[in-house]
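Sequential numbering from 1 applies to the sequence shown in our numbering. A virtual CB, placed ideally from N, CA and C, is assigned to each residue, including glycine. None of these values were measured; they are calculated from a predicted model. The structure appears right after this line, and notes come after that.
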Amino acid sequence: MLESVPLILVAVWLLVLLSQNRRNKNFPPGPRTIPFIGNLLELNLENPIVDLDRLTKRYGNVYSFSIGPRPGIVINGLQAMKEAFVNKAAAFSGRPQEQFANHLVQHNDGAPGVILSDYTSGWREHRRFGLMTLRNFGLGKNSMEKRILRETQYVIKIMEQSQGKPMDPYQLFHKVTSNVMCQILFAQRFEYEDEPINFFLALFHEVNKAINGRWGLIYDCVPLVRYLPLPFQKIFKNVKAAHERYLKTVEENNRTRIPGQPRHFIDCYLDELDKRGDDGSSFSEKQLRAFLLDLHAAGSDTTANTLLFGFLYLTAYPHTQERCQEEIDKVLDGKDQASFEDRDQMPYVQAVLHEIQRVGNIAPLGAFHCATRDSELMGYSIPKGTIVIPNLHSVLSEEGQWKYPHEFNPENFLNEKGEFVKPEAFIPFSLGPRVCLGENLARMELFLIMVTLLRRFKFIWPEDAGEPDFAPVYGTVQTPKPYFMNVILR
């Protein structure tokens, strides 16, 4: 009997090996999978984008790519992206469950939040609520502009004090965008030295680095490691601490709020809870805390890193900075401050802002999708449950979609008359039903902060700093490598 055990183990291993490498009929081609870990070894986990592009050249714009034991596909190029997320949105707008990111958000009480929630009625009603609430708090109106411009004054003070010496803008830009979100979510701002703002800054950085990075992929591909004392355990601990802080904030606001007179997002959500009562909907205080983490993290980190890329390129290309300042001076002549409506008179500034987002490539893989039912994509059969990885980077640098796909050039967004135009392939916020909830807020922040600072300061690359390095540090949200810049009053 004992002699047969090795043979049984070998037989089981061979069955697993065969099942892992057997594709459904007409499933997209792709690299051969390895049992249990899928195609993990195909990627440089420090930055997998280059490897995904390599596989695109070999297998085409839709190819198979397994995350651990689960089958997956990678989608590249505008045509395939539109077919999946616009034309067949209902079939490709799910979210993979039981992954590192899901477990991170749901670690405390099982609430999925909104970003990682599956394509359900609960997700739809929360998305509608989020869009309506953000709009009612003044996106595109004076109230939101005033909050952003008021926070930008703190940045101006710090930059004025930093004249004459190189400054690192990393924490400054993260703190200004975090404070804007805090004012929306619970009407509070923090001094930049305060512990809460520094706690969340550190948390968002480690979460975004981990989810699609080395430890996140290992967690997803090798379930046995999930209980080992590895670095992702610290992230779980810190996310739990964040939930506890949000719980305390919700409780404090619940004691002081006046129903029907909302001061911020939390009040709006609690009012909605009051109206719904026990109607069996997905609204709950647990879901509110997960929603707060979604909005705070996504609304802070993406905009901050776009600003960091922005000033990296503006210091590296001084002629571009000067042309922006000429246009800003002309349009704002006689005005105390910028307004979001001024963007329509600043085609070159608009082009530069959009080009920064294109080459900055902030969220190169967006958030993973999942097939909600059996479907077809670009002639291939995609079974229900397949993980769908949108390579947004492939569209933002797709040849044939851009005049200068592989270099920084604002002419990508200007026509022959010098007018601002936005090509269809500009999808840094993704596309379809899962497009970024905070897109309008991000656009307003980027415009108002950058225009206000460019109007007041000149930004210079330090002479002794060597050549600028535009290669990003990979993560769910990419960031430029640390750099310094000189700031002087104009």
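Classification of residue i by the beta-carbon crowding that lies within 10 angstroms, buried from 16 upward
i	result
VAL225	exposed
SER66	buried
ASN254	exposed
ARG443	buried
LYS240	exposed
ASN208	buried
ILE266	buried
HIS319	exposed
THR177	buried
ALA90	exposed
GLU355	buried
LEU448	buried
ARG95	buried
ARG58	exposed
MET181	buried
SER121	exposed
LYS82	buried
ARG343	buried
MET132	exposed
ASN87	exposed
ASN493	One cannot answer for residue 493 here, as it falls past the ends of the chain, which runs 1 to 490.
Residues near residue i by beta carbon distance below 8 Å, same chain, minus five either side
i	result
SER93	PHE85, TYR119, HIS369, THR372, GLY432, PRO433, ARG434
GLN183	ARG147, GLU151, ARG189, HIS264
LYS481	ASP469, ALA471, PRO472, VAL473
ARG490	GLN325, ARG455, ARG456, PHE457, LYS458
Whole-angstrom distance between residue j and residue i, CA atom to CA atom
i	j	result
GLU411	ASN61	27 Å
PHE200	ILE37	32 Å
LEU332	LEU454	12 Å
GLU272	ALA202	32 Å
ASN409	TYR348	11 Å
MET159	PRO31	50 Å
GLN321	LEU314	5 Å
ALA351	ILE460	21 Å
THR479	GLU419	30 Å
HIS243	ALA290	8 Å
GLU191	CYS268	25 Å
GLN153	LEU292	26 Å
LEU228	ILE49	28 Å
PRO169	SER162	11 Å
GLU285	PRO390	32 Å
ASP53	ALA367	18 Å
PHE311	ASN26	47 Å
PHE413	GLY299	25 Å
Coarse secondary structure for residue i, derived from DSSP in three states
i	result
ILE387	strand
HIS495	Residue 495 cannot be examined here, being either before or after the span of the chain that is shown, 1 to 490.
GLY38	strand
THR458	With the sequence shown as reference, residue 458 is identified as Lys, and Thr is not the correct amino acid for it. In the structure shown, LYS458 sits in a strand (DSSP, three-state: E or B).
PRO480	strand
GLY72	strand
MET346	coil
GLY94	strand
TYR59	helix
TYR380	strand
GLU125	helix
GLU322	helix
ASN415	coil
PHE420	strand
LEU489	strand
HIS394	One point to set straight first is that residue 394 is Ser, not His, in the sequence displayed. Correct three-state label for SER394: helix.
ILE356	helix
Own chain partners of residue i with C-beta closer than 6 Å, once the 5 adjacent residues on each side are dropped
i	result
TRP215	PRO231, PHE232
ALA80	ASN61, VAL62, MET378
THR56	ASN76
THR476	ASN208, ILE211, ASN212
GLN287	ALA111
VAL105	GLY113, LEU116, ALA290
ASP374	PRO383, LYS384
Neighbourhood of residue i by C-beta distance below 7 Å, restricted to the same chain and skipping five residues each side
i	result
VAL451	ILE328, ALA338, VAL349
PRO405	SER397, GLU398, GLU399
LEU78	VAL395, GLU398, GLN401, GLU424, ALA425
LEU247	ARG289
ASP274	PRO259
VAL359	PHE408
PHE484	PRO166, MET167, ASP168, PRO462, ALA465
LEU270	ASN254, ARG257
For the region 433-451 and the region 275-285, state whether three or more C-beta atom pairs, one from each stretch, are separated by less than 8 Å.
no
Counting Cβ pairs closer than 8 Å, one from the region 68-77 and one from the region 375-393, do we hit at least three?
yes
Does the structure place the region 163-182 close enough to the region 301-309 that three or more beta carbon pairs sit under 8 Å?
yes
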